[in-house]
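Numbering (my numbering), first residue to last: 339 to 486.
Glycine included, each C-beta is placed from N, C-alpha and C at the ideal position.
Only a predicted model underlies this, so the values are computations on that prediction, with no experimental measurement involved.
Single-structure report; data block below.
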């Protein structure tokens, strides 16, 4: 009789623990970030720099964004500049839906040289897949021309 009573209490306790675990796991998954989509809309050259433009084409805010631009090539492969931006006080770490964000290689160094270059631009966020596009261009002294 006592064993039946203890068994019933133990089974009731295990059911309660299972329900608590289910409730906790449901609340943890509810706090996940909503998925969104980024697109690299433009990569342009300029005087000693390359600039990329990223647009959030999804319905949710892109959180903890990381953007990178790599420029490599030129005669004797002397051009090798990479800029990775994980957000700062000036530019922030989010992109609202339908908003854009620009990043430039100017902080990583001045591009100067001659010859063909390869530009790799990428962007990702905590709630997006990584987007990467590769472009071609040409450097003529300090002038960077992106030809796609």
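Kindly indicate which residue of 422, 464, 479, 463 has the alpha-carbon position closest to the one of residue 441. 422
Just checking my contact of residue 386 with residue 476 at CB under 8 Å: how many whole Å lie between their CB atoms? Actually they are not in contact, since the Cβ atoms of residue 386 and residue 476 sit about 14 Å apart, beyond 8 Å.
Secondary structure, beta strand (DSSP E): runs of 3+ residues fully inside the region 430 to 474: 438 to 442, 451 to 462
Near residue 492, which residues of its chain fall below 8 Å by C-beta distance, leaving aside the five closest residues on each side in sequence? Since the first residue of the chain shown is 339 and the last is 486, residue 492 is not available in this structure.
Grab me the residues of residue 417's own chain with a C-beta within less than 7 Å of its C-beta, minus the 5 sequence neighbours each way, in chain order. 409, 410, 411, 449, 451, 455, 477
Buried or exposed: residue 472, going by 16 or more other Cβ atoms within 10 Å of its Cβ? By the neighbour-count rule (16 or more Cβ atoms within 10 Å), residue 472 is not buried but exposed.
Smallest Cα separation from residue 447: which of 389, 373, 375? 389
Report yes if the CB atom of residue 432 is closer than 8 Å to the CB atom of residue 399, and no otherwise. yes
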